[in-house]
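Protein chains in written order, with the numbering used here: chain Z, 571 to 859; chain G, 571 to 859.
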């Protein structure tokens, strides 16, 4: 598909995700953090266009595109890191999309794009962590943003895919790379199914809750601990179970859950990243609303 | 400035405008109409990118770019006409922006871009009205979307600028074309001033209220009558006066005004178009938040 089309699908995926409300614990159209606000996410999504367009006509350079997406994102807003995790999923999807006309092709192609990443891609991603001052759990003994780590990666000849394999056990974004973007494609199907009878907002919120209930959010796990992440998923599941997917009935529970997570600073950021990737796949596949 | 930069300034202007809440009577992040929703505006702003980018590297074709912007907008969402008036202001600004490095140049250049429009541009705009099924007051005896009108325009040799001169008395968008985008540049200065001490949301809302209070909204005038438009402006002025620009104090009055206008179907659409154009100029001039 043409790169300008692909890039807009990715922009719109980011814009729709951050708009959907309430997504418990996360920034949305009605909830900001102190230094990072809804509008910072909008500006980031808009600003990153040229990197997305270029990626959509390229067959290599995953790490470099992720790094340049991060750099472009922070050039357009002062809220700091908004879409790092999302770019790690979006960039290979966008690159695959440029070579595909349908979702079946996308699924096959994105597996190949990530498999074919190089040591250079791993180095670029580490540089991106450094650029964005992202605090995440280091992979193995590679401290993020540490120049020594880059030397170690080179010495051991680790590709970006290798690094993701090492992280897949405790990071659902890395797990997506390794397992062929399973949750991403599942998310796309869910949103498309739900949008038949719901608004795009409610389709996204409900899918977010389903993903959260079925997978502990590894961003929460890294920031707090495993127990906290499991507890949040359990709570999400209880809300879904109680109301049987009727978002109107769910709304007061959702709002209470949202307030509690925001108060505790518990944000299911990885789940939001999967939603962005899933929305991209749905829009690529022709979803309109 | 480079076309990809200009196009993103325009996208972000549209996205920030529709997000700002509460903008009494208009769609915003917390208010939808029945068939047109917040997300339709987001999709339109994202979808129109390639037309904006192309316009930013062109020195002619205003009418055709407006028409193609409208067509691309409705290809990306099912909410109908979202940005017609905005495109009439944005397209010449974007074209001027592509040839300029600063705001002083932009102001000069945009005057020339609109002055140099042709009969062909007028015809294209009339075609766009037809494509978008926009209902607005016809200019003089030219019914919008009427094939006869296009023949009459050609016969009388009217340029798009001529048509805007004919409408300037009862349409503030047309007036902008004729008076050198005065309100647009004023709006840009206001937003940049207010953002020094306020969030981008509140800077936009306050500027919206100030423009509305000082100019009757001609979209309201066309839909209802002059008296209704004047009444809305008077009410906006009273709210501003009462609270001296402190948006926190203003909020309950703003919300009540908003509910009332939405209930009556009174939407200050032309004021929103000026806000978009003003935000574009501010972002073009380097505004960040």
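No residue lacks a Cβ here, since even glycine has one placed at the ideal position from N, Cα and C.
- The shortest CA-to-CA distance from residue 852(G) to any of 764(G), 723(G), 638(G) is the one to 764(G).
- Cβ atoms of residue 734(Z) and residue 748(Z) come within 8 Å of each other, at about 6 Å.
- The beta carbon of residue 617(G) falls within 7 Å of a beta carbon belonging to chain Z, placing the residue at that interface.
- Going by C-alpha positions, residue 858(Z) is about 7 Å away from residue 648(G).
- Listed along chain Z, no residue sits closer than 8 Å to residue 663(G) by beta-carbon distance, the nearest being about 17 Å off.
- If you ignore the 5 residues before and after residue 627(Z), its C-beta comes within less than 6 Å of the C-beta of 573, 668, all in its own chain and listed in chain order.
- For residue 770(Z), the nearest beta carbon of chain G is closer than 7 Å to its own beta carbon.
- Taking the CA atoms as reference points, residue 691(G) sits about 7 Å from residue 729(G).
- Between the C-alpha atoms of residue 758(Z) and residue 671(Z) there is a straight-line separation of about 16 Å.
- In the DSSP secondary-structure assignment, residue 601(Z) is bridged to 598(Z).
- Contacts with chain Z at 7 Å (Cβ-Cβ) include residue 609(G).
- DSSP places residue 765(G) in the coil class of the three-state scheme, outside both helix and strand.
- Going by DSSP, residue 772(G) is part of the alpha helix (DSSP H) stretching over 770–784.
- The beta carbon of residue 620(Z) falls within 7 Å of a beta carbon belonging to chain G, placing the residue at that interface.
- A distance below 6 Å between beta-carbons, with the five flanking residues on each side excluded, links residue 589(Z) to the following residues of its chain, in chain order: 599.
- Of all residues in the segment 628–657 of chain Z, only 646, 647, 648 come within less than 8 Å of chain G when Cβ atoms are compared, listed by chain position.
- Take the alpha-carbon of residue 771(G) and the one of residue 723(Z): they are about 44 Å apart.
- Taking a cut-off of 8 Å for Cβ pairs, the segment 672–692 of chain G and the segment 630–644 of chain G touch, as three or more such pairs fall below it.
- Residue 650(G) and residue 743(G) do not touch by the CB rule: their CB atoms are close to 18 Å apart, not below 8 Å.
- For the segment 582–593 of chain G, the residues whose beta carbon sits under 8 Å from a beta carbon of chain Z are, in order, 582, 585, 586, 589.
- By the Cβ test, the segment 798–808 of chain Z is not in contact with the segment 577–591 of chain Z, since fewer than three Cβ pairs between them sit closer than 8 Å.
- By a beta-carbon distance limit of 8 Å, residue 659(Z) contacts residue 746(Z). Their separation comes to about 6 Å.
- If you draw a 10 Å sphere on the C-beta of residue 843(G), you find 16 or more other C-beta atoms in it, and that means buried.
- Against chain Z, a Cβ distance below 9 Å from residue 859(G) picks out 607, 609, 610, 613, 647, 648, 649.
- With fewer than 16 neighbouring CB atoms inside 10 Å of its own CB, residue 835(G) falls in the exposed class.
- Against chain G, the CB of residue 758(Z) has no partner CB under 7 Å away; the residue lies outside that interface.
- Counting only Cβ-Cβ distances below 9 Å, residue 574(Z) has contacts in chain G at 619, 620, 623, in chain order.
- In the DSSP assignment, residue 686(Z) falls outside any alpha helix (DSSP H) and carries neither an H nor an E.
- Closest option to residue 703(G), judged by alpha-carbon separation, among 641(G), 614(G), 591(G): 641(G).
- Here the alpha carbons of residue 769(Z) and residue 818(Z) stand approximately 12 Å from one another.
- With fewer than three CB-CB distances shorter than 8 Å, the segment 611–624 of chain Z does not count as touching the segment 784–797 of chain Z.
- As summarised for the segment 617–654 of chain G, there are no continuous beta strand (DSSP E) elements at least 3 residues long confined to that stretch.
- Within chain G, no C-beta atom comes less than 9 Å from the C-beta of residue 821(Z); the nearest is roughly 14 Å away.
- Residue 789(G) and residue 607(Z) have their C-alpha atoms some 32 Å from each other.
- Between the C-alpha atoms of residue 624(Z) and residue 841(G) there is a straight-line separation of about 36 Å.
- The C-alpha of residue 774(Z) lies about 18 Å from the C-alpha of residue 616(G).
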